[in-house]
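For reference, the structure is listed below as structure tokens.
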Amino acid sequence: MVDADQTDIGGEPQLRFRDDQPHDEPAVTLDAFLVEQSNATAVRLEAGDDARALLPYLDRLALIEVSFPTYRDGRGYSAGRILREAGYKGELRAAGDVLVDQLPHMRRCGFDSFAPEAEIDAATLRRSLSRYDQVYQKAADAAVPVWKRRHG
Amino acid sequence: MYRYDEYDQGIVDARVDEFRDQVARRLSGQLTEDQFKPLRLMNGLYLQLHAYMLRVAVPYGTLDSRQMRMLGHIARTYDRGYGHFTTRQNIQYNWIKLSDAPEILAELATVEMHAIQTSGNCIRNISSDQFAGAAADEVTDPRPWAELIRQWSTFHPEFSYLPRKFKIAVIAADEDRAAMRLHDIGIQLVSQDGQVGARIFVGGGMGRTPMIAPEIRNYVPADDLMSYLEACLRVYNRYGRRDNIYKARIKILVHEIGADEYRRQVEEEFALVKQLGIDPPAAELERISAMFAPPPFDANASAEVDRGDPDFAVWLDQNTRAHKQPGYAIVTISLKPVGGIPGDASADQIDVMADLAQRYSADELRVTHAQNIVLPHVRIADLPKVWQALTEAGLAEANLDLISDIIACPGLDYCSLANARSIPVAQKIATRFASPERQRDLGELKLKISGCINACGHHHAGHIGILGVDRKGTENYQLLLGGSGAEDVSLGKITGPGFSEDGVVDAIERVTDRYLAVRTEGERFLDTYRRVGMEPFKEAIYG
Numbered sequence: 001m002v003d004a005d006q007t008d009i010g011g012e013p014q015l016r017f018r019d020d021q022p023h024d025e026p027a028v029t030l031d032a033f034l035v036e037q038s039n040a041t042a043v044r045l046e047a048g049d050d051a052r053a054l055l056p057y058l059d060r061l062a063l064i065e066v067s068f069p070t071y072r073d074g075r076g077y078s079a080g081r082i083l084r085e086a087g088y089k090g091e092l093r094a095a096g097d098v099l100v101d102q103l104p105h106m107r108r109c110g111f112d113s114f115a116p117e118a119e120i121d122a123a124t125l126r127r128s129l130s131r132y133d134q135v136y137q138k139a140a141d142a143a144v145p146v147w148k149r150r151h152g
Numbered sequence: 153m154y155r156y157d158e159y160d161q162g163i164v165d166a167r168v169d170e171f172r173d174q175v176a177r178r179l180s181g182q183l184t185e186d187q188f189k190p191l192r193l194m195n196g197l198y199l200q201l202h203a204y205m206l207r208v209a210v211p212y213g214t215l216d217s218r219q220m221r222m223l224g225h226i227a228r229t230y231d232r233g234y235g236h237f238t239t240r241q242n243i244q245y246n247w248i249k250l251s252d253a254p255e256i257l258a259e260l261a262t263v264e265m266h267a268i269q270t271s272g273n274c275i276r277n278i279s280s281d282q283f284a285g286a287a288a289d290e291v292t293d294p295r296p297w298a299e300l301i302r303q304w305s306t307f308h309p310e311f312s313y314l315p316r317k318f319k320i321a322v323i324a325a326d327e328d329r330a331a332m333r334l335h336d337i338g339i340q341l342v343s344q345d346g347q348v349g350a351r352i353f354v355g356g357g358m359g360r361t362p363m364i365a366p367e368i369r370n371y372v373p374a375d376d377l378m379s380y381l382e383a384c385l386r387v388y389n390r391y392g393r394r395d396n397i398y399k400a401r402i403k404i405l406v407h408e409i410g411a412d413e414y415r416r417q418v419e420e421e422f423a424l425v426k427q428l429g430i431d432p433p434a435a436e437l438e439r440i441s442a443m444f445a446p447p448p449f450d451a452n453a454s455a456e457v458d459r460g461d462p463d464f465a466v467w468l469d470q471n472t473r474a475h476k477q478p479g480y481a482i483v484t485i486s487l488k489p490v491g492g493i494p495g496d497a498s499a500d501q502i503d504v505m506a507d508l509a510q511r512y513s514a515d516e517l518r519v520t521h522a523q524n525i526v527l528p529h530v531r532i533a534d535l536p537k538v539w540q541a542l543t544e545a546g547l548a549e550a551n552l553d554l555i556s557d558i559i560a561c562p563g564l565d566y567c568s569l570a571n572a573r574s575i576p577v578a579q580k581i582a583t584r585f586a587s588p589e590r591q592r593d594l595g596e597l598k599l600k601i602s603g604c605i606n607a608c609g610h611h612h613a614g615h616i617g618i619l620g621v622d623r624k625g626t627e628n629y630q631l632l633l634g635g636s637g638a639e640d641v642s643l644g645k646i647t648g649p650g651f652s653e654d655g656v657v658d659a660i661e662r663v664t665d666r667y668l669a670v671r672t673e674g675e676r677f678l679d680t681y682r683r684v685g686m687e688p689f690k691e692a693i694y695g
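Chains as they are written, first to last, in this note's numbering: chain A, 1 to 152; chain B, 153 to 695.
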């Protein structure tokens, strides 16, 4: 498990699981991206936005930020997987009400960067991310599902 | 019976560790109650009116004696000496201390049990036919498929924060003993060209807007099932309503966009998801199926039994069903003694049932959605001994599917959502109809009581249903007639103005009297209702 770099960018707490430099261009809204600023390289998706609207542009996006307005709103998990399944390789950031207990699921759905509203305790996060060494499903991460371990 | 391997055990053990950590953070104040709530809920821990309630998963309702004894041990050690079997084939304990919860989970893990996803807006315990593996009418044993789905849905990273809870049932017979089409997804295993696959219904449910699930696909091959379910769930996760908790179940989405449009979206998603390689190989279903191989039956078991004791004969006729293996029977142990709490069993009774399973039923028990316990594989020759032991334990009520075999939610006695009490109403009805002869004369009559419109007591699916509501600060009971959770699924209709607690018992008696007056030979209550309609009953009730 890669240890996250915990840095402050622009006053927001950040957790990154990537080796490249943080993207510093501010993210534009999906509407703005589609209608006006299609040369932008960073887009923010609100929870109700259709992630598939970005599929034609994935190779020129460096950052997609997905909003989690409350931890109960799980639409962003599908958005993350849809983007990764379509081959998106750039930074995928979960922003908003991102809590330590939801973070492992977000990692499995392809998120590799986090902008939580409230700071996440580093020790709790380490325990949380290393707790499960087996998973039952194939998802957007590299984890091997147990059925594959059972049958090769 | 499914047996954990090192992977399954590792995952459940990790869950115990995780929950211990979460409880510690809550007790130290690091987590607020609001932040803790979804975490404890995903482990089946509810804050009720008087204490915490812990709901333990019994996957597809199947248990062995060792697991059953553990349930008794928990009742004795951490609760007040009893447990409550639920309509999702689980068990819940109503008097749990938060600080004990991690230890209870640790004890459960030693017998391959857990409380994972027994609540919360996630995929809940998979339910199934309580006669699976014993019924003559099944295409295959549905439980290996249910286990496959259990594993797929456990800690599913994409579907743990759905708009609302999500219930899946798997059956494999034409007779529906699991209310399959009243689930978010109902699966009926069917055979096509010699291959077993899944017929898929989506968007059923009870609650305040009851719906019968429409068929979405008539056949999904085994190799595609996880992809297909993933597509069904993804469409729901993305487009299910999140603005109103009462409109957030998948039934509302399917109803609002229509079954055809929902099917179209699922098929589109399925075409993409199928490419991802998320379906386990056939060998995995085979591995699981091997663990559900039938027990070694005695091919020479006798079908003869001495019916000399009249009480035994009554119980035999009422509470046992034909087994696919000659010389064997399926026994249902009623947890509905007259005047008791439907679904409750004491720790001692739980131990008795465990002992009987070990000795007489190939070490297997089932929990039914009607809140009873099944011994699925009993030799007919052993039935008198089983009955004797049940009688001594107060478990030989001969009322399966009769009017006193009532499904009731915990109601206002325990539940913080309830508007009215359910248990006292169930007790009064059972007492009013206590005469066994009278009950048998009335025949099959499924009576179901909910203490609020969330419908945990399945009142919509009762031949007679009762819904408790709050009317200007007093408990009021509406009466419904004509529902069914079986293969002839239908939703009950409200008779008219509601009643007081005693009034509803009187009204039911007027309904059953009218039924006796107008029924034709061999007609069940439900059949008569369907033939004559609501009017004669309304007239009997309201005059």
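Just so it is clear, CB atoms sit at the ideal spot from N, CA and C, and this is done for glycine as well.
Self-check item: Assigned exposure category for B:Leu179 - 16 Cβ within 10 Å defines buried
Solution: exposed
Exercise. Quick one: is A:Val146 near chain B, going by C-beta distance under 8 Å?
Worked result: yes
Close-in-space but distant-in-sequence residues of the same chain around B:Arg671 (CB under 7 Å, 5 per side omitted)
Thr680
Q.
Once the 5 residues before and after B:His236 are set aside, which same chain residues still bring their CB inside 6 Å of it?
A. Gln244, Gly495, Asp496
**Q.** Cβ-Cβ separation, A:Gly76 to A:Ala47 (assumed contact under 8 Å), whole Å
**A.** 6 Å
Quick one: what's got a C-beta closer than 6 Å to A:Glu65's C-beta in the same chain, skipping five residues either side? Contacts found: Ala27, Arg44, Arg93, Ala95.
**Report entry** chain A contact residues for B:Ala435, given Cβ-Cβ distances below 7 Å
**Finding:** His151
The beta strand (DSSP E) enclosing B:Val175, as first and last residue numbers: Not the beta strand (DSSP E): B:Val175 falls in the alpha helix (DSSP H), residues 158 to 179.
Counting C-beta neighbours from all protein chains within 10 Å, is the total for A:Asp3 16 or more, i.e. buried, or is it exposed?
Interpretation of A:Asp3 is limited by its pLDDT of 49, a score under 50 that renders its predicted location unreliable; no figure is taken from the coordinates.
_Between B:Ser180 and chain A, is any beta-carbon pair separated by less than 8 Å?_
no
How many Å lie between B:Leu110 and A:Cys109 at the Cα? The structure shown has nothing for residue 110 of chain B, since chain B only spans 153 to 695.
* Thinking C-alpha only, which one of A:Asn39, A:Ile120, A:Tyr88 is nearest A:Leu103? -> A:Ile120
Check the Cβ of A:Glu85 against every Cβ in chain B and list those closer than 9 Å, keeping chain order. Leu424, Val425, Gln427, Leu428
Counting only Cβ pairs nearer than 9 Å, list the residues of chain D close to A:Tyr132.
Here the protein chains are A and B, and chain D is not one of them.
For B:Lys537, which residues in the same chain have their Cβ closer than 8 Å to its Cβ, ignoring the five residues on either side in sequence?
If the five residues before and after B:Lys537 are omitted, its C-beta is found closer than 8 Å to the C-beta atoms of Tyr512, all from its own chain and listed in chain order.
Q. Going straight from the alpha carbon of B:Tyr169 to that of B:Gly162, what length do you get?
A. Checking the displayed sequence, the identity of residue 169 of chain B turns out to be Asp instead of Tyr. Their Cα atoms are separated by approximately 11 Å.
Taking a cut of 8 Å between CB atoms, which residues from the stretch 275 to 291 of chain B lie near chain A?
none
Practice task
Output the boundary residues of the beta strand (DSSP E) element that contains B:Ile368.
Solution key: 367 to 373
- Could I get the ranges of all uninterrupted alpha helix (DSSP H) runs contained in the stretch 488 to 572 of chain B, with 4 residues as the minimum, in chain order? 499 to 512, 535 to 544
- Query: If you count every other CB in all the chains shown that lies within 10 Å of the CB of B:Tyr271, and 16 or more means buried, which is it?
  - Reply: Reading off the sequence shown, one finds Ser at residue 271 of chain B, where the question assumed Tyr. It counts as buried.
Checklist entry - For B:Ile525, which option in B:Gln340, B:Glu516, B:Arg531 has the closest C-alpha, if you only look at C-alpha atoms? => result B:Ile525 has its Cα closest to that of B:Glu516, out of B:Gln340, B:Glu516, B:Arg531.
Which of the three DSSP states is assigned to B:Leu643 in this structure? coil
- So what's B:Gln591 in DSSP terms, helix, strand or just coil? helix
- [ ] Could you check which residue in B:Ile601, B:Ile618, B:Ser574, B:Leu554 has the C-alpha nearest to that of B:Gln591?
- [x] B:Leu554
Across which residues does DSSP place B:Ile140 in a beta bridge pair? Look at the range of chain B in this structure, 153 to 695, and you will see that residue 140 of chain B is not part of it.
_Mapping the DSSP letters down to three states, classify B:Asp328 as helix, strand or coil._
coil
For this session: Identify every run of the beta strand (DSSP E) within the stretch 74 to 99 of chain A, keeping only runs that are complete inside it and at least 3 residues long; order them along the chain.
Result: Listed in chain order, they are 91 to 96.
Got a sec? Which residues, its chain only, sit under 6 Å from B:Ala728 by beta carbon, not counting five neighbours each side? Any property of residue 728 of chain B remains undetermined from this structure, which presents chain B solely from 153 to 695.
Rounded to a whole number of angstroms, what is the C-alpha to C-alpha distance between B:Leu632 and B:Gly614? 8 Å
ask   = Count the other CB atoms within 10 Å of the CB of B:Met194; is the residue buried (16 or more) or exposed (fewer)?
value = buried
query = Alpha carbon to alpha carbon, what distance is there between A:Arg60 and A:Asp8?
reply = In this predicted model, A:Asp8 has a pLDDT of only 45, less than 50, meaning its place in the structure is not dependable; the value taken from the coordinates is given anyway. Distance between the alpha carbons of A:Asp8 and A:Arg60 is about 26 Å.
For chain B, is any of its Cβ atoms less than 8 Å away from the one on A:Val43?
no
Quiz prompt | Burial state of A:His151 (16 or more Cβ within 10 Å) | solution = exposed
**Report entry** Contact with chain A by B:Trp707, beta-carbon distance below 8 Å
**Finding:** Because chain B spans 153 through 695 in this model, residue 707 of chain B falls outside it and cannot be assessed.
Leaving out five residues before and five after B:Gly695 in sequence, what residues of the same chain have Cβ atoms less than 6 Å from its Cβ? none
inquiry  = Can you tell me where the beta strand (DSSP E) holding A:Pro116 begins and where it ends?
reply    = 113 to 116
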